[in-house]
Every structure is written in structure tokens, then in C-alpha cells.
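Numbering (the working numbering), first residue to last: 412 to 542.
Okay, structure coming up:
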């Protein structure tokens, strides 16, 4: 009886230690940002472009095309790295993330805040690459 009870007590200790490690790992996980990975969506090509915009502003955009024919753009807006998704556009390439739109046509792009006054100037205008 002691032997069986002793094993049960040992199993409880192991379970408690495992739970404690998982809780500590979860707390550490929350404290530090983990990279976004989506194994079901595989990157086919990746390209980074640097734009020079009006007012002396600069913007770096990392474009990703996936094997399932989706396109994404990763850029920093107001200090936040954001993932933009390509959406239907009449002309050029239009990417949307949160309430922002990054719209490119050829080597030029414009960043707008869709919650701003429609008459307001874009956040970044006349952004050009390759100059």
C-alpha cells in the first residue's frame, strides 16, 4: 500500500512541477512578444522596399507573397509594426491593416488613416522608391 501511495505522491509532485513550469512559461510568453507564424500559409517570395516620402519621412515595407496567392505588407505605423493584407483595388496594390491603408502604384505609395477627416492629407504622401 505504501509503495502504491508513494508512487501516487511522486506523480502528484511531477504534475505539480510540470504545471508550475507551464505557468511560469505562460507568464514569460505573455511578457515577451513572440513572432507570428502561420505554418499553413507558406511564403513564396519576400521583398523589402524603402520609400522616401514628402516631408523627409522614410518608410520601409516588407512585401510577402504566399504560395496560396495571398499578399501581405509589413510596415511600421505610429511606432507599431503592422501586418497589412492585400485587398481588391481598381488600380495598383492596396493593403489594409487596422484602420490604415497603404496604396501603391508602380514605385509610389500613400499611407492614409481611414478614420481621419476625408479632406485630411495622407499620413505619408508621395512616397517613392528607386530614386
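Positions of the beta carbon are idealized from the N, C-alpha and C atoms, including for glycine.
Going by alpha carbons, who is nearest to residue i out of the options?
i           : options               : result
residue 458 : 497, 527, 492 and 485 : 485
residue 527 : 541, 512 and 519      : 512
residue 538 : 455, 478, 464 and 449 : 464
residue 446 : 493, 500, 535 and 532 : 493
residue 449 : 514, 498, 517 and 478 : 478
residue 541 : 510, 460 and 467      : 460
residue 517 : 525, 510, 523 and 505 : 505
residue 523 : 529, 530, 452 and 534 : 534
residue 520 : 529, 502, 530 and 531 : 502
residue 525 : 532, 510 and 514      : 510
So, helix, strand or coil for residue i, using DSSP?
i           : result
residue 508 : strand
residue 467 : helix
residue 497 : strand
residue 448 : coil
residue 530 : coil
residue 480 : coil
Can you name the residues that DSSP bridges to residue i?
i           : result
residue 473 : 459 and 485
residue 540 : Looking at the DSSP assignment, residue 540 forms no beta bridge with any residue, so it has no partner.
residue 516 : 519
Taking the beta strand (DSSP E) that residue i belongs to, which residues open and close that run?
i           : result
residue 524 : 519-524
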